[in-house]
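Enquirer: Protein chains in written order, with my numbering: chain H, 6 to 178; chain W, 21 to 120.
By construction, the Cβ of each residue, glycine as well, lies at the ideal position given by its N, Cα and C atoms.
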Amino acid sequence: MSIAHTLLRALDRVAPARVAHAHCDIPCGIYDPHHAQLAAHTVIRMVDLIGQLEKPGPDATPEQRQEYHNKLARYIATKEQHAEIYKGEVRVLWGDYFKPEHVQQFPQLHDIVWKALKSASKGRQEINLQGAEDMLNQANEIAEIFWKTKGVATVKAKAPYPTARDTVYPKLG
Amino acid sequence: MFPLARFRVDDQSMEPALHAGDYVLVNRWAYRKVEPIPGDIVVLRNPEALGQFLVKRIASGTAGSYVVLGDNEAHSRDSRHFGPVPKDLVIGKVRYRAKA
Numbered sequence: 006m007s008i009a010h011t012l013l014r015a016l017d018r019v020a021p022a023r024v025a026h027a028h029c030d031i032p033c034g035i036y037d038p039h040h041a042q043l044a045a046h047t048v049i050r051m052v053d054l055i056g057q058l059e060k061p062g063p064d065a066t067p068e069q070r071q072e073y074h075n076k077l078a079r080y081i082a083t084k085e086q087h088a089e090i091y092k093g094e095v096r097v098l099w100g101d102y103f104k105p106e107h108v109q110q111f112p113q114l115h116d117i118v119w120k121a122l123k124s125a126s127k128g129r130q131e132i133n134l135q136g137a138e139d140m141l142n143q144a145n146e147i148a149e150i151f152w153k154t155k156g157v158a159t160v161k162a163k164a165p166y167p168t169a170r171d172t173v174y175p176k177l178g
Numbered sequence: 021m022f023p024l025a026r027f028r029v030d031d032q033s034m035e036p037a038l039h040a041g042d043y044v045l046v047n048r049w050a051y052r053k054v055e056p057i058p059g060d061i062v063v064l065r066n067p068e069a070l071g072q073f074l075v076k077r078i079a080s081g082t083a084g085s086y087v088v089l090g091d092n093e094a095h096s097r098d099s100r101h102f103g104p105v106p107k108d109l110v111i112g113k114v115r116y117r118a119k120a
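#1: Considering only the beta carbon of each residue, do residue 110 of chain W and residue 51 of chain W sit closer than 8 Å?
#2: Have a look at residue 28 of chain H and residue 27 of chain W and give me their C-alpha separation to the nearest angstrom.
#3: Closest to residue 76 of chain W by C-alpha separation, out of W/69, W/61, W/102 and W/55, would be which residue?
#4: Report yes if the CB atom of residue 46 of chain H is closer than 8 Å to the CB atom of residue 141 of chain H, and no otherwise.
#5: Please decide whether residue 96 of chain H counts as near chain W, where near means a Cβ-Cβ distance under 8 Å.
#6: In the DSSP assignment, the alpha helix (DSSP H) including residue 130 of chain H goes from what residue to what residue?
#7: Locate the alpha helix (DSSP H) running through residue 97 of chain H, then write down its first and last residues.
#8: Comparing alpha-carbon positions, which option in H/153, H/170, H/154 and H/155 lies nearest residue 161 of chain H?
#9: Look at the alpha carbon of residue 174 of chain H and the alpha carbon of residue 54 of chain H, and state the distance between them as a whole number of angstroms.
#10: Helix, strand or coil for residue 119 of chain W per DSSP?
#11: Residues in the same chain with beta-carbon distance under 8 Å from residue 73 of chain W, minus the five sequence neighbours each way, listed in chain order, please.
#12: In chain order, what residues of the same chain lie with their CB nearer than 7 Å to the CB of residue 121 of chain W, ignoring the 5 residues before and after it?
#13: Looking only at DSSP bridge pairs, what is residue 4 of chain H linked to?
#14: Give a yes or no on whether the minimum CB-CB distance between residue 22 of chain H and chain W is below 8 Å.
#15: Excluding the five sequence neighbours on either side, which residues of its own chain have a C-beta within less than 6 Å of the C-beta of residue 116 of chain W, listed in chain order?
#16: I'd like to know whether the C-beta of residue 26 of chain H is nearer than 8 Å to at least one C-beta of chain W.
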């Protein structure tokens, strides 16, 4: 540490220096719509699992009821969590990655993002397969735009998960 | 207006020329008679948040409008994002640097 630095730092006690940000927000440049797509798959899967869960009948034992409630609670908790992950991921792409020139090129972007966030609220609040599928469809639309802005071609393929819905993937390498 | 202003550098976008924690002295009169030239390190108001200051390097400029870039491209938000900056947002030229 130089003498000049020590002196200037001492001056800070009298009158703090203003800060010149070399700012950042760290635009690290690392974004990918895949997280949102994956979260939508999880929400779809949880809705499916909830639907497949056998409800305890009138003569179910307390243990069977307990097991039912335990599974249901876990599916719901996961659905809540992944709907929220989805919203966070979509907001980051929208607010941090996409630039005004992208919106000029893809004027539908704001509307898709708005619909995606609304679908995710529905996917979170309700046991609603359509809402969950809308989440994935909108994440796919966002992914298509995202990869176009990167100059990367995309392909729509059935996801290799139990949900097996059409998903937009980048054609890399 | 006193010509010298003190700023403390935050974050990394001007590495290796400036590091977080360095102090710089800025000549606010530097561009009264001459224009900024490519290579000058300047403190400017952030065009995206006018209450905030940025430190960047002039890359090019014409007629009162300047492209500013951080030296550390991967960690800099600059004219690549917010476009050229009008001269009246430029506070002054960095004249002296005290290393942290």
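Expert: Taking the structure as given:
#1: In contact: residue 110 of chain W and residue 51 of chain W (Cβ atoms closer than 8 Å).
#2: Residue confidence is low: residue 28 of chain H scores 49 on pLDDT, short of 50, so the model does not pin down where it sits. Its coordinate-derived value is still stated next. If you take the alpha carbons of residue 28 of chain H and residue 27 of chain W, they lie about 14 Å apart.
#3: W/61
#4: Result yes, Cβ atoms of residue 46 of chain H and residue 141 of chain H sit closer than 8 Å.
#5: no
#6: Run containing residue 130 of chain H: 114-130, per the alpha helix (DSSP H) assignment.
#7: 67-97
#8: H/170
#9: 25 Å
#10: coil
#11: The beta carbon of residue 73 of chain W sits closer than 8 Å to those of 27, 63, 64, 65, 66 and 111, all from its chain and outside the five residues before and after it, given in chain order.
#12: The displayed coordinates of chain W run from 21 to 120. Any statement about residue 121 of chain W would go beyond what the structure contains.
#13: Because chain H here runs from 6 to 178, residue 4 of chain H falls outside it and cannot be looked at.
#14: yes
#15: 45
#16: yes
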